[in-house]
Amino acid sequence: MASFLDRFANSVNNFGNKVVEKTSNSTENIRLSSAIKDEERIINETYIAIGKKYRELYGEAPAPEFVELLGEIYKHEAVVADHRLKIQQNKGKTNCQNCGAEIDATAQFCNLCGTKNPMAEEIARAKAEAAAKAQAEAAAKAQAEAEARAKAQAANMAFQQNFGNAPSPAPVSEPAAEPAVAGVCKNCGANVIVGNAFCTNCGTRFEG
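Sequential numbering of the sequence shown, starting at 10, is according to our numbering.
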C-alpha cells in the first residue's frame with residue numbers, strides 16, 4: 010500500500026513539474042516572440058533607411074535595377090503631393106514662398122516672415138473679375154428685358170390701333186429695380202450697394 014502511495018505521489022509531482030515547466034516555456038516563448046517582432050521591426054526600418062540613403066546619394070543616376078523602384082516612389086509621391094495641395098486649397102491655405110509656412114491664401118503678407126503673398130492678389134483679382142462679369146451679365150439681362158418690354162408695348166399699341174375696342178393684351182409688369190451698385194468691396198470683391206456703410210458679404214467698412 011505504501012509503495013502504491015509513493016508511486017502516486019511521484020506521479021503527481023512529475024505531472025506538476027511538467028505543468029510548471031510547460032507554463033515557464035510558454036512564458037519564455039511569448040517573450041521570445043515579442044523580441045523577434047522587435048528585431049524584425051528594426052530590420053525593416055533599417056531597410057527603409059538604406060533605401061532613403063540610396064535615393065539621396067544615387068537618385069539622380071540610379072543603377073538600372075533601381076530605376077523602376079525609384080519610379081514607383083516618384084509616382085506615388087506626386088499623388089501624395091497633389092492630394093495635400095487639394096486639402097490645403099480646400100482649407101483656403103497656401104505656403105509662403107520665402108519661409109514655407111502655411112498661411113491663409115487671402116493674407117497679403119506672411120505672418121512669420123512678412124513676405125508678400127502673390128496668391129492673395131490673384132484671388133482678389135479673380136473675385137473682382139467675377140464681380141465685373143456678373144455685373145455686366147446683369148446689365149445685359151436688364152437691357153434685354155427692357156427691349157422685350159418695349160417690343161411688347163409696341164405690339165400692344167399696334168393692336169389697339171388696328172382693332173379699336175378689342176380687348177388688349179395684359180400689360181407687361183415692370184420688374185423691380187435692382188439696387189444701384191456703388192463699387193466693389195476691396196476685401197472680398199463683392200458689389201457694394203449705394204447707401205451701405207459695410208460690405209454685406211464680409212463686413213469690411215466701405216469708405217466710398
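The beta-carbon is built from N, C-alpha and C at its ideal position, and this holds for glycine as well.
Rounded C-alpha distance that separates residue i from residue j
{"i": "Asp47", "j": "Thr36", "result": "17 Å"}
{"i": "Cys194", "j": "Thr209", "result": "9 Å"}
{"i": "Ile45", "j": "Lys125", "result": "54 Å"}
{"i": "Leu78", "j": "Glu49", "result": "22 Å"}
{"i": "Val201", "j": "Val88", "result": "42 Å"}
{"i": "Asn9", "j": "Gly198", "result": "Since the first residue shown for the chain is 10 and the last is 217, residue 9 is missing from the structure and cannot be characterised."}
{"i": "Gly68", "j": "Ile59", "result": "12 Å"}
{"i": "Asn38", "j": "Pro71", "result": "43 Å"}
{"i": "Gln152", "j": "Pro127", "result": "38 Å"}
{"i": "Val203", "j": "Gly212", "result": "15 Å"}
{"i": "Lys100", "j": "Ala90", "result": "15 Å"}
{"i": "Ala129", "j": "Lys102", "result": "10 Å"}
{"i": "Ile57", "j": "Glu86", "result": "15 Å"}
{"i": "Ser42", "j": "Arg93", "result": "39 Å"}
{"i": "Ala149", "j": "Tyr83", "result": "50 Å"}
{"i": "Glu138", "j": "Ala191", "result": "16 Å"}
{"i": "Asn53", "j": "Lys62", "result": "14 Å"}
{"i": "Arg134", "j": "Gln106", "result": "19 Å"}
{"i": "Lys136", "j": "Val76", "result": "45 Å"}
{"i": "Ala161", "j": "Gln98", "result": "49 Å"}
{"i": "Glu156", "j": "Phe207", "result": "34 Å"}
{"i": "Glu154", "j": "Gly80", "result": "60 Å"}
{"i": "Asn196", "j": "Arg64", "result": "46 Å"}
{"i": "Phe171", "j": "Arg158", "result": "Looking at the sequence provided, one finds Asn at residue 171 rather than Phe. So the alpha carbons of these two residues sit roughly 20 Å apart."}
{"i": "Ile51", "j": "Arg40", "result": "17 Å"}
{"i": "Ala147", "j": "Asn205", "result": "20 Å"}
{"i": "Arg214", "j": "Leu66", "result": "56 Å"}
{"i": "Thr55", "j": "Glu74", "result": "20 Å"}
Which residues DSSP lists as bridging residue i, in chain order
{"i": "Arg214", "result": "Phe207"}
{"i": "Asn99", "result": "BP columns for Asn99 are empty, so no partner."}
{"i": "Ile202", "result": "Val190"}
Integer Cβ distance of residue i from residue j, believed to fall under 8 Å
{"i": "Ile132", "j": "Thr115", "result": "6 Å"}
Contact the stretch 93-110 vs the stretch 118-128: 3+ CB pairs below 8 Å: Judged by Cβ distances under 8 Å, the stretch 93-110 makes contact with the stretch 118-128, as three or more pairs qualify.
Three or more beta-carbon pairs under 8 Å between the stretch 133-153 and the stretch 164-171, yes or no? The stretch 133-153 vs the stretch 164-171: no contact.
Can you list, in chain order, the stretches of the beta strand (DSSP E) that have 3 or more residues and sit fully within the stretch 102-147? Along the length of the stretch 102-147, whole beta strand (DSSP E) runs at least 3 residues long occupy 102-104, 111-113, reported in chain order.
Threshold first: 3 residues or longer. Then list the beta strand (DSSP E) segments lying entirely within the stretch 50-105, N to C. List check, beta strand (DSSP E) in window: 102-104.
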